[in-house]
Structure formats: C-alpha cells, structure tokens
Amino acid sequence: MAGSVWAKLHQSYGVSALKRVRWRNYFPVRPSLQASSGTQSFFAGGTTIEKVHGNTSGLKSGQLKQLSNLYRRRLAPGTLTSPELARNLSELSHELRREVSVLIDRRGRVLSVSVADAKGTELPPVRVGETRLAGFHLLHTHPKGGALSKGDLSTLFLNRLDAVAAIEVRPDGLPGNVHFAHLTPPGTTGEEEDWRVYPPQSAYTVEDFDLGAQVSALEEEIARSRRLREARKDRERALLVQIDSGAFDAEERLEELTELAHTAGAEVVYKELVFRRHLKPGTLVGAGKLEELTSRAYHLDADLLVFGQELSPAQAREIEEATGLKVLDRTQLILDIFALHAQGVESRLQVELAQLRYMKPRLLGQGTRLSRIGASGGSAAGGAIGTRGPGETKLEMDRRRINDRIAFLEKQLTEVAVRREERRKSRARNDVPVISIVGYTNAGKSTLLNAFTHAAEEPRKVLAENKLFATLRPTSRQGFIDGVGPVVFTDTVGFIRDLPTDLQRAFRSTLEEIGDADVLLHVVDVATPGADTRHGAVERILRDLGIQELPSVVALNKADAADREVIERERDRLGGVAVSAAQNTGLDDLKVALHEALRPYVEVPALNLPGLPAD
Ligand SMILES: Nc1nc2c(ncn2[C@@H]2O[C@H](COP(=O)(O)OP(=O)(O)OP(=O)(O)O)[C@@H](O)[C@H]2O)c(=O)[nH]1
Ligand SMILES: [Mg+2]
C-alpha cells in the first residue's frame with residue numbers, strides 16, 4: 001500500500017507515534033447504543049427549540065435553549081471542531097456536570113445534540129454491509145477529563161463513524177486537550193488494529209487536523225480493496241466458527257467445516273473453535289464474541305460468517321443483525337454444495353426439495369433479509385453461497401409459492417421412484433452380485449470404483465475429486481472379481497456426520513437403494529485424522545436406513561498417505577484391508593475379502609477345486 005493516499009497521509013501524521021489499539025484486548029462488554037431516554041423539543045419565546053436528546057431531566061429551560069443553540073453552529077468542512085465550539089461545549093458541560101455530545105456531518109453541520117456520553121448518544125442506525133463510513137463524526141466532552149474510553153471507541157467502531165473526539169473539560173470549565181481517533185482501513189495492514197488514536201492536541205490547534213482528508217483516504221482505501229476483490233472475482237471470504245461444547249471431535253468438525261466451505265467456493269480467511277459450555281439462546285456465542293468477529297471480518301474484508309452447527313431462524317437473524325454479516329450454518333453450506341453438484345433429474349429434485357424445506361421457516365417474517373443475501377456479492381460459481389439452487393428456485397421465490405413447489409417436487413420424486421423401482425427389478429433379474437460402495441464423503445469411493453472397473457479413461461470414468469459430495473447420483477459399473485465373476489459396483493452419495501435431516505429425507509430413496517446390495521464396501525479414509533469417528537457416523541446412518549445387517553467389507557483407503565501406525569491401529573479397530581485406490585495397491589486383497597463376503601450369496605461351486613486356473 002506504499003504510495004496510496006492513505007500511506008502518504010500517515011507518513012505526514014507520523015504514524016509510528018500513533019497509539020495502536022487492538023479491539024480484541026479492549027472490549028469485554030458490548031456497549032449498548034440505546035435510544036435516547038428523553039427528548040426535548042418545545043416552544044419558547046416564539047421559536048421552536050430543536051431537539052436535545054439524551055438525559056435532559058432536571059435541566060432548566062435556559063440550559064436547554066443553550067444546548068439547542070448548538071444546532072446553529074457551523075464548522076469548516078472536514079474539521080473535528082473549532083476552538084469556539086470546543087469552548088461552548090466545554091462550558092456547557094461544566095455547568096451541567098454532564099457529558100454533552102454533538103454529531104457533525106462532513107459539511108460541518110450539527111446533526112444532533114445530546115446530553116450523554118458517546119455510548120448514550122442517539123445515532124442513526126448502522127448501515128449494515130456498506131463500504132463507506134457513517135458520514136459524520138462524534139464530538140463530545142469528558143467533564144472529568146481523561147482520554148477516549150472503551151465506550152467511545154466501541155461507538156466509533158460499531159457505527160463506523162468518521163471519527164470520535166473527546167474534549168477534556170478543565171476545572172475552570174475551559175476546554176483542555178482533545179483526544180481523537182478514527183478507524184483504520186480494513187484488510188490492508190495485516191495488523192488487527194481497528195482504530196488509530198492520535199496524540200491529544202489542544203482545543204485551539206486541533207482545528208488544523210484534516211479530518212476530511214483522512215476520511216476520504218480511508219474510504220478510498222475501503223473502496224479500492226473492494227474493487228480489487230471484485231475485479232479478481234474473488235471467492236466469498238468467510239469466517240468460520242465451530243462451537244466446542246466439550247465434544248471430542250470439535251476440532252475435526254472445524255476441519256470438516258473448512259472443507260465444506262472450500263467446496264462451496266468460499267475462501268476461508270479465519271476460523272475459530274469457540275469453547276462454550278453453555279450457549280446463549282439468541283447469539284450462541286454471546287454479544288462480546290460477535291463483536292470480536294465483526295471486527296475481524298472488517299479487517300479481513302470478509303462478509304460471510306459460517307457456523308458449524310445448525311442455527312434456528314431466529315438465531316441466524318439475530319447474529320446477522322448484530323454483525324452485519326451474511327450468516328450461514330453448516331446445513332445451508334451442505335445444501336449449497338449439493339445444489340452445486342446436483343446432476344440428473346432426480347438429484348436436482350431432491351436437492352431443491354431439501355433446500356425449500358429448510359428455507360421455508362427461515363423465509364417467514366423476513367422481508368428484506370433474503371434479498372440482501374442474494375445481492376451481497378457473487379462467487380465465481382454463479383450466485384452467492386447459500387442461495388444457489390439447482391432447479392428454478394433461486395431461493396428468492398415468493399414464499400407463497402413454496403408450498404406449491406414442495407408439493408410439485410414431492411410428486412415428481414414419487415414418479416421417479418416408481419421408474420427406479422422398475423429398473424431395480426430388472427437388475428434383480430440379472431442375478432449379478434451387487435457391491436455398494438459406501439463411506440464418508442471424500443473417502444475415495446469414486447476413485448475406488450474407477451480403480452476396480454479400470455475406468456481410467458473417459459467416458460467410463462466417474463468423477464472423483466477433492467471436494468465433498470462430488471458424487472450425488474448413484475452410478476453403477478460392471479467389474480469382475482476372481483472366483484465370483486462379473487459383479488456390479490455401485491458408487492453413491494457420501495455420508496457426513498449429522499447429515500441434515502432435510503437432506504436425509506430428500507435423499508432417502510437414493511440411500512435406501514444401497515440396501516439392494518449383496519455386500520457393502522465401506523471405504524474409510526485413514527489418511528485424515530478421525531477415521532473411526534467417520535466410520536461410526538457412516539454406521540449410524542446405515543442403521544437409520546435399516547441396512548446395517550448387510551455383510552460388509554472395510555477398505556482402509558489412502559494408505560499411501562497414512563502413517564503405518566495409524567493404518568495398523570485402524571485395522572485393529574475396524575478390521576478391513578489397507579488399500580490405495582489412487583495408486584492401485586491392495587486391491588487384490590480387497591477383492592479376496594469381497595469374495596469371502598459374497599460367498600454365502602454366490603454359488604461358487606468350483607472355487608476350491610484344485611487345478612483350476614485362478615480365472
Ligand atoms: N492419497 C490418496 N488420495 C486418494 C486416494 N483415493 C482417493 N483419493 C483422493 O481423495 C479425494 C476424494 O476422492 P473421491 O473418489 O472423489 O471421494 P468420494 O468418496 O467419491 O467423495 P464424494 O463423492 O465427494 O463423497 C480425491 O482428491 C482423490 O484423488 C488414495 O488412495 N490416496
Ligand atoms: Mg464420489
């Protein structure tokens with residue numbers, strides 16, 4: 001950023017001398033930006049006295065008039081204060097023994113007068129998601145002296161004020177030093193400071209500080225990084241939060257959430273495991289943590305906040321309001337990935353149905369939220385994360401039409417299921433043993449199918465890639481196993497722990513088809529930590545589907561990338577054969593294991609006769 005207006009200004013103001021404050025260390029509590037507790041507006045001597053906000057109780061009418069007169073003040077555009085205004089505020093504050101504050105716009109006009117500290121000052125609502133600053137600064141008094149308080153800086157940050165300034169009131173009522181700060185540009189410094197606090201200046205010299213130039217430099221910087229990002233067609237930048245309530249797999253879940261976010265096309269710029277024994281009903285993590293995340297998002301130029309657990313509609317709304325960020329939960333992320341990957345009539349219908357069912361309660365009672373989400377930045381994959389749909393739904397649909405659409409999709413899916421049933425019957429007649437490849441998403445199921453069926457070349461090759469839920473549509477390929485003969489391998493949609501119920505429902509028929517197999521081939525990725533947790537999650541889903549009784553063979557896949565001890569350990573725990581689908585190793589042993597498992601189902605009369613060639 002050397003050479004930017006911002007950098008130049010900072011050189012000229014001696015940035016090294018400036019105190020840098022880190023938000024994180026600064027704020028244990030959320031300051032409330034309460035509305036004024038009392039507002040005074042009345043008629044005196046033929047002229048309307050303009051509103052004085054805040055706690056005006058007990059003030060005499062003359063004092064109110066003096067406060068009201070502050071509205072007539074004009075400053076030179078782009079200045080923090082004039083010596084006259086500083087003196088005026090200081091003397092009033094001294095007399096009233098209260099803090100007095102004014103909001104001043106960029107043209108130097110007084111927008112609002114309050115008898116309150118920075119926190120209590122009535123401010124226009126935060127303009128969520130905008131790239132510019134508020135367009136006004138807050139000037140107020142500190143009757144007891146002292147530098148900018150935590151509340152002052154919090155108000156600056158949360159309201160994206162142009163600046164905040166505090167005039168110390170001396171014991172004689174005259175203005176002393178003026179303390180002031182403004183925000184720092186996001187995402188450019190690599191540091192985490194949220195604001196820059198300047199060395200105090202006397203009320204008589206602070207007029208020379210060119211606030212106008214600072215503000216336009218800052219806004220230019222904000223706009224520049226935004227433009228850069230848009231020009232690069234960057235992925236949506238996301239913060240990830242996984243709540244750790246003491247579950248043993250919290251870290252694995254955060255890793256998985258990262259993979260999900262990548263697969264959905266997000267760039268993960270920050271992730272955090274937040275330990276909370278008890279969750280707050282509205283915000284889950286509490287207002288203080290949300291502020292911290294807001295601050296981080298500002299500096300990392302992120303606008304997407306993803307939670308690793310399902311959020312209720314009310315929680316999502318509350319968190320969104322508190323942070324101004326687009327908020328998604330894990331379920332939405334998974335739905336979104338399914339939407340991106342859905343191919344073929346049935347999976348498109350299934351995904352759309354799941355999305356609609358999930359979104360329906362979330363659409364109720366929220367007019368603006370969805371349209372705003374839809375509008376906030378696109379991703380290279382077309383449409384913003386969390387709003388993509390495979391069918392005609394772009395999730396901006398009129399909510400009255402949702403029920404109709406759900407009914408329509410359900411009917412379509414029933415028809416597809418009938419056709420599928422017919423296919424199933426014809427396959428059953430074939431009498432060829434069927435091996436269903438099941439397993440956690442990204443375990444290497446499709447790669448294994450390709451390896452088994454020698455389908456390295458297009459068009460027989462099945463898509464296998466380092467993305468979660470690359471496969472959504474069951475695919476069958478013919479293979480061959482020594483001693484058994486031709487078999488059918490079926491690759492299907494991957495499993496995930498806590499599979500969202502809407503998806504589980506929508507994909508039920510696809511998943512149930514797994515039950516038609518003679519043997520399950522359960523592929524476990526042993527190269528990624530947590531193999532047995534994922535194995536357990538898959539077993540649980542199989543139980544839910546009522547197909548846990550099928551004979552099964554475990555393939556400990558990605559052995560090429562796993563530690564030998566890990567492979568041994570998992571073999572002890574789960575049994576099975578270590579293989580590498582990618583490098584074609586261990587596949588013969590795996591076939592032998594499959595042969596064993598198929599033995600009761602397949603007539604293999606000549607198998608043990610000596611002298612026969614091994615196929
Ligand atoms: N190192 C290594 N990587 C593998 C192996 N098998 C598969 N992979 C990689 O793992 C990733 C996922 O493979 P897929 O075959 O798409 O996994 P899947 O289980 O079909 O995944 P979904 O369809 O998304 O549920 C890909 O990047 C593969 O290249 C292996 O034996 N060793
Ligand atoms: Mg696959």
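Heads up: the sequence shown runs through residues 1 to 615, numbered per the UniProt record's numbering. Cβ coordinates follow ideal geometry from the N, Cα and C atoms, glycine included. From a predicted model like this one, the values you see are computed outputs, not experimental measurements.
Span of the beta strand (DSSP E), counted from its first residue to its last, around residue i
i, result
"Thr-79", "Taken as a continuous stretch (DSSP letters only), Thr-79 belongs to no beta strand (DSSP E), as it is neither H nor E."
"Val-241", "236–244"
"His-140", "136–142"
"Leu-520", "519–525"
"Leu-111", "110–115"
"Thr-294", "Careful: Thr-294 lies outside any beta strand (DSSP E), inside the alpha helix (DSSP H) at 287–300."
"Ala-555", "552–557"
"Ile-437", "434–439"
Spatial distance of residue i from residue j (CA atoms)
i, j, result
"Ala-213", "Gly-78", "7 Å"
"Glu-512", "Asp-482", "28 Å"
"Leu-304", "Ala-339", "19 Å"
"Leu-153", "Glu-230", "30 Å"
"Val-493", "Leu-284", "31 Å"
"Phe-452", "Lys-591", "9 Å"
"Arg-72", "Leu-300", "40 Å"
"Val-241", "Leu-273", "6 Å"
"Ser-82", "Leu-123", "22 Å"
"Val-538", "Asn-442", "13 Å"
"Ala-165", "Leu-139", "5 Å"
"Val-113", "Gly-324", "27 Å"
"Asp-172", "Val-178", "16 Å"
"Leu-370", "Leu-363", "Only weak support exists for where Leu-370 lies, its pLDDT of 41 falling under 50; the coordinates are left without a value."
"Ala-380", "Lys-360", "Any answer about Ala-380 is weak, because its pLDDT of 34 lies below 50 and its placement is not dependable; what the coordinates show is given next. Cα to Cα, Ala-380 sits roughly 27 Å from Lys-360."
"Leu-521", "Phe-489", "9 Å"
"Pro-143", "Phe-180", "16 Å"
"Ala-302", "Val-269", "7 Å"
"Lys-558", "Ala-578", "8 Å"
Any non-hydrogen atom of ligand 2 closer than 7 Å to residue i Cβ
i, result
"Asp-491", "yes"
"Ala-555", "no"
"Thr-471", "yes"
"Ala-464", "yes"
"Lys-445", "yes"
Per-residue DSSP class, three states only, for residue i
i, result
"Tyr-204", "coil"
"Pro-175", "strand"
"His-94", "helix"
"Ser-379", "Model confidence at Ser-379 stands at a pLDDT of 35, short of 50, so the residue's coordinates are unreliable; what they give is reported in the following sentence. Coil."
"Thr-447", "helix"
"Phe-248", "coil"
"Glu-50", "strand"
"Pro-486", "strand"
"Val-182", "Checking the sequence shown, residue 182 turns out to be His, not Val. It is a strand residue."
"Phe-495", "strand"
"Leu-64", "helix"
"Asp-162", "coil"
"Glu-168", "strand"
"Asp-105", "strand"
"Leu-284", "strand"
"Ile-222", "helix"
"Asp-210", "coil"
"Val-418", "helix"
Cβ-heavy atom distance, residue i to ligand 1, below 7 Å
i, result
"Val-523", "yes"
"residue 616", "Summary: the structure shown does not reach residue 616, with the chain confined to residues 1 through 615, and so no result is reported for it."
"Gly-344", "no"
"Leu-520", "no"
"Lys-558", "yes"
"Ser-245", "no"
"Ser-580", "yes"
"Gly-439", "yes"
"Ala-597", "no"
"Leu-590", "no"
"Leu-260", "no"
Residue i, enclosing alpha helix (DSSP H) - first and last residue
i, result
"Ser-154", "150–158"
"Glu-272", "Not the alpha helix (DSSP H): Glu-272 falls in the beta strand (DSSP E), residues 266–275."
"Ile-567", "564–574"
"Arg-540", "531–544"
"Gln-478", "Premise fails: Gln-478 lies in the beta strand (DSSP E), 475–481, not in any alpha helix (DSSP H)."
"Gln-597", "Just to set this straight, residue 597 is Ala in the shown sequence, not Gln. Counting along the chain, the alpha helix (DSSP H) containing Ala-597 begins and ends at 587–598."
"Asp-502", "501–506"
query: At what residue ranges does the stretch 304–355 contain a whole run of the alpha helix (DSSP H), taking only runs of 4 or more?
result: 313–323, 330–341
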